[in-house]
Amino acid sequence: MRKTLYLFLLGCMPYLAEAQSPFVPLNADYYHLIDRFEIRQGAWSNGFHSSTKPYNRQGVIELTDSVIANPAYYTSPTDRFNLNYLRDDSWEWVTPPPPDTSQAMSAYQFTPQQPGDSHKRVLDVFYHKKADAYSVQTPEFDLHVSPVLYAGFGQQGLSNALSGDVRPYVNTRGLELRGTIGKKLGFYTFFADNQAAYPRYIRDYGQIYRVEGLGRSFAPGEGFVKEFKQTGVDYISARGYITVNALKIINIQFGHDRNFIGNGFRSLLLSDNTSPYLFLKLTTRFGPFQYTNLFTELQNTERPLASNQLYPQKFAAMHHLSANIGKHVNVGL
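Positions 18 to 350 (my numbering) are the ones given, in order, by the sequence shown.
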């Protein structure tokens, strides 16, 4: 299966012809902003179908362009701030407006003049752009590099906390990298080292798959992890993919990451609260229709195994047709 996926992807390479953008990493707060502006404009976005995530960055910028063209869609300072935030984060796909632009575009007040520019550079090398610690952009190559730093702490309720429990925490350090080659091949990678201690109800769930003597536990969204001290876990997060457009209407994405099909915070069809998995995704768009073919390689973890055994592989093929009917109705099949 894996060899077949590789051969299929390589066979499509000679047909690359269209500009291709990496995708916006799945994040509920970030995607809420995008969905809000799509709702504000009162029509479906031309750059993506919101029932299939992640969205590509070029499509997000196309949405912000259409919102900016009508000031009624961003009446509050918060909306203007969020528009700037989305455009700064995908600045490589933003085209600055001409000086003699229309009144609607002038009212938007782009800040700064060049998309994503930062006035607080470090050593004149880092943070030339607000969203990137380091970036390179030439006609044939585009690179964005940023550190990943996160620390979170919590408190368990008295009904769940037992003697000897530690406070929940997450400590993450890593690197995120994305870019394009010739505006035709997009790539993305995320790598981070994590230590965490989860609330007791999560640890209790992890005991279902725990193997005695192996020191292996469970972390939400990451799968199996190494036990750390008495109640913590230690694990590596690794995701990445490459993406190309084989034809004008067909996008191919191959990598190790998560996907989401449906609407809402969770989906009964395919949600993003699982560990990353190997996949090949073909997305075909024609008019108001989008057809997604997703082929995945997964692990069967339903039954605990001995410490010297590997979890068996299993495969899944999912097909989803999304149709935008008029300005307000989307039907998925």
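Yeah, the Cβ is synthetic: ideal placement off N, Cα and C, and Gly gets one too.
Since this is a predicted model, take the numbers as computed values, not measurements.
Range covered by the alpha helix (DSSP H) that runs through residue i
i    : result
R302 : Segment 294-303 is the beta strand (DSSP E) holding R302; no alpha helix (DSSP H) there.
T95  : 94-106
F54  : 45-58
I219 : 217-223
Own chain residues within Cβ distance below 7 Å of residue i, not counting five before or after
i    : result
G169 : Y186, V187
V183 : A214, T248
K344 : G59, A60, W61
Contacting residues, own chain, Cβ-Cβ under 6 Å from residue i (five flanking each side not counted)
i    : result
P159 : The displayed chain sequence assigns Asp, not Pro, to residue 159. Around D159: E109, G196, T197.
P129 : With a pLDDT of 45 at P129, under the threshold of 50, the modelled position of this residue cannot be trusted; read the value that follows with caution. So no residue of the chain qualifies.
Q316 : Y328
K331 : L315, N317
L350 : L338
Y151 : F143, V162
S123 : The pLDDT assigned to S123 is 47, lower than 50, so where the model puts this residue is not dependable; a value taken from the coordinates is nonetheless given after this. Excluding sequence neighbours, S123 sits near nothing in its chain.
V242 : S234, A236, V250, Y252
T313 : Y294, F296, A333
Y48  : none
CA nearest to the CA of residue i, picked from the options
i    : options                : result
L311 : V348, F208, I269       : I269
F143 : H336, G171, H161       : H161
P237 : I219, D251, R302, G249 : I219
G59  : S68, A89, F332         : A89
G352 : W61, S83, T260         : Lying before the first or after the last residue shown, residue 352 is absent from the chain, which here runs from 18 to 350.
L286 : P216, K344, H336       : H336
E193 : L350, V348, G349, P39  : P39
P71  : R283, H273, I278       : I278
A45  : I266, N280, D82        : N280
P113 : D96, N99, Y91, D82     : D82
Y308 : I266, L80, P94, E239   : I266
N73  : A150, S107, A209, A334 : S107
P305 : N63, Y48, Q326         : N63
R53  : D96, N87, P42          : D96
Q75  : A86, F282, Q326, L103  : L103
Limits of the beta strand (DSSP E) - the one that residue i falls within
i    : result
N87  : It is not in any beta strand (DSSP E) - N87 carries neither H nor E in the DSSP assignment.
G272 : 267-274
F282 : Note, F282: premise wrong, no beta strand (DSSP E); not H, not E.
I188 : Note that residue 188 is Asn in the sequence shown, not Ile. Where N188 is concerned, the enclosing beta strand (DSSP E) stretches over 186-198.
N211 : 202-214
V111 : Counting along the chain, V111 falls outside any beta strand (DSSP E), and DSSP gives it neither H nor E.
Q307 : 306-316
T260 : 249-264
L338 : 330-342
L160 : 158-170
K243 : 240-245
V153 : 151-154
Distance CB(residue i)-CB(residue j) smaller than 7 Å
i    : j    : result
F271 : L297 : yes
G223 : F235 : yes
S68  : S339 : yes
Y252 : N211 : yes
V84  : I51  : no
Below-7 Å beta-carbon distance, residue i vs any chain E residue
i   : result
S62 : Among the chains of the structure shown, chain E does not appear; only one protein chain is present.
Own chain, CB closer than 8 Å to residue i, minus 5 neighbours either side, in chain order
i    : result
H273 : A255, R256, G257, Y258, P293, Y294, L295, F296
T118 : Only weak support is given to the placement of T118: the predicted model assigns it a pLDDT of 49, under 50, and the value that follows is read from those uncertain coordinates. Hits under 8 Å: none found.
Q172 : R184, P185
D105 : P132, G133, K146, K147, A148
I342 : P305, V348
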